[in-house]
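Notes to accompany the following structure.
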Amino acid sequence: MAGANGILESAAHFSGVAMTEPLFWADQKAREICEKKRYHFIDRPIPERASFVVKTSASLSGVLHIGRLSDTIRADSIVTALRDAGAKARMIWVGEDMDPLRRIPEGVPKEYEKYLGKPVTEVPDPSGCHASYAEHHQAEYLEVMEDFVVNRAKRYSTTQEYDRGSFRKYIRKLLADLEKVREILQSYRDSSLSSGWSPWKPICAQCGKVITPQVLEVDGARVKYDCRDYEFERTLAKGCGYVGEADALHDKGKILWKGEWASEWALWEVSCEGGGKEYEVPTSAWWVNGEIAERIFDYPMPTPFFYEHLLIDGRKMSASLGNVVYPADWLKTAPAELLRFLYNKKLMKTRSFSWKELPRLYADYDAHADVYYGKANVPNEKERSHMIRLYRISQLRAPPKERPAAVDLTLASMIAQVYDPEASMAEGIKALQRSELIKGQPSKRTVDEMRQRLIYARNWVRMFAPELALRAVGEPDVAFLAKLTEPERASLRELASFVKSGPGPDAIQSSVFSIADAHGVEASRFFQILYRLILGADHGPRLGPLVCALGPGRVAELLERALGPA
Ligand SMILES: [Zn+2]
Ligand SMILES: [Zn+2]
């Protein structure tokens, strides 16, 4: 597949001739899936498959933050990698909406306590706009998902599948092989399962909760239960005390998670699914389900991919810490491609994200674009191919022929604060030309790309980097000025008059060093003074382009006004 400017996209690199180990994680995973020939737990060959299903899912309770997109974005990359390798593949998305409501999320009325333990499809929508709590969150998730993935996923709901009887076959097998199922589960735990243990739980015929029924006795498909209080980590689902009997093959109920996951794999013939790294440990639900799938359902365990969870400033996202990043916020400050880039970069390395580091993420992404478009040289061939592949797979659509326009985010934020990019780009473009970030007359596409980046940058400052707001422009810091030494003042005066003559960004940058040197001022100190006077901060983007972007005349005037009459 030839990409822009004749670049050979590394896409097809393991279909056909190239038998070398793929470099990119999703390509490696795709190869593993294609080459998997035997079951994991039992000695049996896997029948040839015509196509592969990659599953992604979401529990539908709680807030939708960008961390919850990580599974879907990575599954999307594997589907792309499989297709690029010449295999047939598709993604399915499963709303785990038979799961019980486990806690009352922020902003939901306290009276929702009474719904704790009910399937989320049976809980009303607190916002009142959908048929249920689950539907509300599902609509929200799917709308957001569309913005971040390439491959369209067929969608399923576990509740619907239970209603249709799709899981009946697996419930029957689990109950018919109850002793074997117990043995499998028992081999993964230290404490003993109770004598009445059942892999299927009824929904309480009286209160409709799925978590509170406690199975007392199993006899074939007949299950005796009573409805008792159930404690989640921090909340309590009240049982209603009902004692009754249910038929696992006909009454409403749910397979326990250790068993349900395996049933889902067998039902949808899943070949690959992701999970947080906590599932990689050998006692996790992944392997229990893998063994149930193979030994009870005769279905081979899918190929897993495990990943680190996204941290914000080194901490888990949580409403109580106030560090939740919503997809909508992301899209105000960066394109979806940048989040795809972040998630695709490395699978198992802890990915801590900080809003302060957004410019660095942009710069990294732009550096990959340079390599993709052949504008930067990377001597190491493997590294080069990896960068090209990563950049390409981060895209939502085929990249344009020309390398998209890019500018350092911090500098963009300065320009955007001086010249409103939404009102007119004329001044913003002039600023970029002065800074030599655009040469000549830009195309309409370049103007649009620059406008978009300026808008992202301005939103980023407003929402997440208020310390970069240009407060100080025009309001010199009197106390700071009073402490300047005579050589420092002389340096400032000389620089102001040089800047007025309209030099380019590189000339300004080097003049800072030469002027400081001539007056015996430390260059780092001189830079600090300039950033304080221009931005009200101790540091900022490269000074030459910054001065050009803000307008040399404007900066010279600012410095002269700060110094007062000579
Ligand atoms: Zn709603
Ligand atoms: Zn009940």
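The numbering of the sequence shown is this note's numbering, which starts it at 116 and goes up by one. Here a beta-carbon is modelled for each residue, glycine too, at the ideal position from N, C-alpha and C.
Is residue i near ligand 1, in the sense that its beta carbon is under 7 Å from a heavy atom of that ligand?
i	result
D212	no
H251	yes
S302	no
A242	First, the residue type needs correcting, since residue 242 is Ser and not Ala in the sequence shown. Yes, the Cβ of S242 comes within 7 Å of a heavy atom of ligand 1.
H245	yes
So residue i packs on residue j, CB below 8 Å; how close in whole Å?
i	j	result
V338	A363	6 Å
L650	L569	Their Cβ separation, rounded to whole angstroms, is 17 Å, which puts L650 and L569 out of contact at 8 Å.
L434	V178	First, the amino acid is wrong: residue 434 is Ala here, not Leu. Indeed they touch by this definition, with Cβ atoms about 6 Å apart.
Y340	V330	5 Å
L610	V636	About 11 Å; that fails the 8 Å criterion.
P314	G374	4 Å
A677	L596	6 Å
A521	A546	About 15 Å; that fails the 8 Å criterion.
Give a yes or no on whether the C-beta atoms belonging to residue i and residue j are separated by under 8 Å.
i	j	result
R146	P137	yes
L524	Y477	yes
P680	G617	no
F167	I181	no
G368	P317	yes
W372	I207	no
D191	V264	yes
Y154	P415	yes
K144	F420	yes
V576	Q532	yes
I299	V403	yes
S606	I630	yes
R566	M540	yes
T327	G354	yes
A141	V169	no
N574	T398	no
Y506	M463	no
Y357	A381	no
R164	S386	yes
A652	E582	yes
L674	L648	yes
What residue range does the alpha helix (DSSP H) around residue i cover?
i	result
P620	P620 to A633
G374	W372 to W383
R455	A451 to K460
G232	Careful: G232 lies outside any alpha helix (DSSP H) and carries neither H nor E.
F642	A638 to L650
Y60	Because the chain here runs from 116 to 681, residue 60 falls outside it and cannot be looked at.
G668	P667 to L678
T561	K559 to F579
D199	S185 to D199
Tell me which residue opens and which closes the beta strand (DSSP E) that residue i is part of.
i	result
A268	A268 to S272
I157	That residue, I157, is in no beta strand (DSSP E); it is neither H nor E in DSSP.
R337	R337 to C342
I427	L425 to I427
E261	Segment Y248 to F263 is the alpha helix (DSSP H) holding E261; no beta strand (DSSP E) there.
R504	It is not in any beta strand (DSSP E) - R504 instead sits in the alpha helix (DSSP H) that spans E496 to S509.
Y422	T418 to Y422
M206	A204 to E211
S467	R466 to F468
C387	C387 to G391
S172	F167 to S174
Answer yes or no: the CB of residue i versus the heavy atoms of ligand 2, is any distance below 7 Å?
i	result
Q77	The chain is shown from 116 up to 681; residue 77 falls before or after that span and cannot be answered.
T114	Given that the chain is displayed from residue 116 to residue 681, the structure contains no residue 114 and the question cannot be resolved.
Y357	yes
C149	no
K369	no
K324	yes
C342	yes
Q321	yes
G405	no
G354	yes
For this session: Decide yes or no for the touch test of the region 232-246 against the region 196-206: beta carbon pairs closer than 8 Å, at least 3 of them.
Result: The region 232-246, when compared against the region 196-206, does not touch it at the 8 Å Cβ threshold.
Exercise. Does the region 658-667 come close enough to the region 541-559 that 3 or more CB-CB pairs lie under 8 Å?
Worked result: The region 541-559 and the region 658-667 touch, with no fewer than 3 CB-CB distances between them shorter than 8 Å.
Exercise. Does the region 185-192 come within contact of the region 167-177, defined as at least 3 CB pairs closer than 8 Å?
Worked result: Taking 8 Å as the limit for Cβ pairs, the verdict is that the region 167-177 does touch the region 185-192.
Exercise. Per the contact definition of three or more C-beta pairs closer than 8 Å, is the region 206-217 in contact with the region 246-262?
Worked result: Proximity of the region 246-262 to the region 206-217 meets the contact definition, three or more beta-carbon pairs being nearer than 8 Å.
Exercise. Any contact of the region 451-467 with the region 504-515, i.e. 3+ C-beta pairs under 8 Å?
Worked result: Output reads yes: the region 504-515 touches the region 451-467.
For this session: Please determine if the region 281-300 and the region 222-232 are in contact, where contact requires at least 3 C-beta pairs separated by less than 8 Å.
Result: No, the region 281-300 does not touch the region 222-232.
For this session: Evaluate the contact criterion for the region 217-225 versus the region 345-357: three or more CB pairs, one atom per stretch, below 8 Å.
Result: They touch, by the three-pair rule.
Exercise. Looking at C-beta atoms only, is the number of pairs between the region 467-483 and the region 276-285 that lie closer than 8 Å three or more?
Worked result: With a cut-off of 8 Å, the region 276-285 and the region 467-483 do not count as touching, because too few Cβ pairs lie within range.
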